[in-house]
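End of the sequence shown sits at 325 in my numbering; the numbers just go up one at a time, nothing left out. Ideal Cβ placement from N, Cα and C applies to all residues, glycine included.
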Amino acid sequence: MSLPRPEVVFLDLGDTLMRAHPSWAGVYHAVLSEHGIDVHHDDLAAALKKATIETGVFGEAQFEASPETSYQRIKQFDARALAELGHHDLPDTFFRAIETAFMQRSAWFVFPDVMPAINLLRAAGVRLGVISNWTWGAPELLHDFDLARHFEGLVISSRVGYQKPHPGIFRHALDELHVDAQRAIHVGDSYSADVTGARRVGITPVLIDRHLSDAARIREERGDPGLPIISELYELLDLLGIAHPAESTAAG
74 MSLPRPEVVF LDLGDTLMRA HPSWAGVYHA VLSEHGIDVH HDDLAAALKK ATIETGVFGE
134 AQFEASPETS YQRIKQFDAR ALAELGHHDL PDTFFRAIET AFMQRSAWFV FPDVMPAINL
194 LRAAGVRLGV ISNWTWGAPE LLHDFDLARH FEGLVISSRV GYQKPHPGIF RHALDELHVD
254 AQRAIHVGDS YSADVTGARR VGITPVLIDR HLSDAARIRE ERGDPGLPII SELYELLDLL
314 GIAHPAESTA AG
């Protein structure tokens, strides 16, 4: 499979460029422990997963783009997950501590293929942007990792008032980088948010699954036989015909 080389590649953040360290639930667990709240890691992971489904993380409604709204939205999510574990009416200082924890460099791991792939894409004349469902502090976090300077636009849901798969966030990104949808690709790890959302505005999607075991099975389950699927960004370079020194570790 190959794709025409685009003018712009947009990239998701979570589980595309970086992942929570040691895990999403692990960061929460550390804060809970610091506040004397004893929760089993597996129970916490299950509660977070359930809250993700029930709160409609991929909602369609427009919302106010402000730091306070960003905080209140993630606080509502956190409160729902912890209520599932029997912890109600926790103080605001606790939720602020969670917010602070996720803004630390130590809470994130940047995948090792990210910088080499970014450099090779840019050297090939491909422009780059970010489209991510993330809290207000995403640009600062990307600056801390020295990643922000490689992107012409950082389009963050909490700062534009739309989250993927809403067409508004994708159109905002296209407008910011002055590119037609047909000349753009979006790479992300969520079929619902990234693939569906990109297609709504005419952007070519690429699904990244960093735990990929069977791309054919994913295509069959989604009823999407032509979907490009990769397990690392080097495979994106292969799709675009951009040479790289590393070997791809999984077939897409």
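Q. Cα separation between residue 137 and residue 234?
A. As a first step, residue 137 must be located in the sequence shown, where it is residue number 64. As a first step, residue 234 must be located in the sequence shown, where it is residue number 161. Distance between the alpha carbons of residue 137 and residue 234: 5 Å.
Q) Is DSSP giving residue 200 helix, strand or coil here? A) Along the sequence shown, one-based indexing puts residue 200 at 127. Reduced to three states, the DSSP call for residue 200 is strand.
Q) Does the Cβ of residue 325 have 16 or more other Cβ atoms within 10 Å, making it buried, or fewer, making it exposed? A) Here residue 325 corresponds to residue number 252 of the sequence shown, with the count starting at 1. Here the model assigns residue 325 a pLDDT of 42, short of 50, so the residue's position is not dependable, and the following value carries that caveat. Taking all protein chains shown into account, residue 325 has 16 or more neighbouring C-beta atoms within 10 Å of its C-beta and is therefore buried.
Q) Taking the alpha carbon of residue 286 as the point to measure from, which residue in 273, 261, 162 and 304 has its own alpha carbon closest? A) In the sequence shown, the residue the question calls residue 286 occupies position 213. The residue among 273, 261, 162 and 304 with its C-alpha nearest the C-alpha of residue 286 is 304.
**Q.** With 16 other Cβ atoms within 10 Å as the buried cut-off, status of residue 276
**A.** Walking along the sequence shown from the start, residue 276 turns up at place 203. Buried, because 16 or more other Cβ atoms sit within 10 Å of the Cβ of residue 276.
Q. Looking at the structure shown, is residue 181 part of a helix, part of a strand, or coil, going by DSSP?
A. Indexing the sequence shown from 1 puts residue 181 at position 108. It is a strand residue.
Q | beta strand (DSSP E) runs contained entirely in the stretch 87-130, provided each spans 3 or more residues | A | List check, beta strand (DSSP E) in window: 91-93.
Q. Does the Cβ-Cβ distance between residue 94 and residue 207 come in under 8 Å?
A. Along the sequence shown, one-based indexing puts residue 94 at 21. Along the sequence shown, one-based indexing puts residue 207 at 134. For the 8 Å CB-CB criterion, residue 94 and residue 207 do not form a contact.
(Q) Taking 8 Å as the threshold (C-beta atoms), are residue 223 and residue 191 in contact? (A) Along the sequence shown, one-based indexing puts residue 191 at 118. Along the sequence shown, one-based indexing puts residue 223 at 150. Yes, the Cβ-Cβ distance between residue 191 and residue 223 is below 8 Å.
Q) Could you give the residue range of the beta strand (DSSP E) that holds residue 277? A) The residue you call residue 277 lines up with position 204 of the sequence shown. For residue 277, the enclosing beta strand (DSSP E) covers residues 277-281.
Q. Hey, quick one: how far does the alpha helix (DSSP H) through residue 242 stretch, first residue to last?
A. As a first step, residue 242 must be located in the sequence shown, where it is residue number 169. Per DSSP, the continuous alpha helix (DSSP H) segment holding residue 242 begins and ends at 240-250.
**Q.** Environment of residue 123 [buried if 16+ CB atoms lie within 10 Å]
**A.** What you label residue 123 is simply residue 50 of the sequence shown in a count that begins at 1. Result: exposed.
Q | Closest by C-alpha distance to residue 231, when choosing among 146, 155, 202 and 246 | A | Along the sequence shown, read from residue 1 onward, the residue named residue 231 stands at position 158. With distances taken between Cα atoms, residue 231 lies closest to 146.
**Q.** As assigned by DSSP and simplified to three states, the class of residue 226
**A.** One-based indexing of the sequence shown puts residue 226 at position 153. Strand.
**Q.** Cβ distance (whole Å) where residue 252 is taken to contact residue 81 below 8 Å
**A.** Residue numbering aside, residue 252 sits at position 179 when the sequence shown is read from its first letter. Residue numbering aside, residue 81 sits at position 8 when the sequence shown is read from its first letter. Correct: roughly 5 Å between the Cβ atoms.
Q. Smallest Cα separation from residue 281: which of 125, 126, 312 and 99?
A. Locating residue 281 in the sequence shown gives position 208, counting from the first residue. The residue with the shortest Cα to Cα distance from residue 281 is 312.
Q) In three-state DSSP terms, what is residue 82? A) Mapped onto the sequence shown, residue 82 falls at position 9. Residue state, collapsed to three classes: strand.
Q: Could you work out which residue in 141, 167, 296 and 158 is closest to residue 268 when comparing CA atoms only?
A: Here residue 268 corresponds to residue number 195 of the sequence shown, with the count starting at 1. Measuring from the Cα of residue 268, the nearest candidate turns out to be 296.
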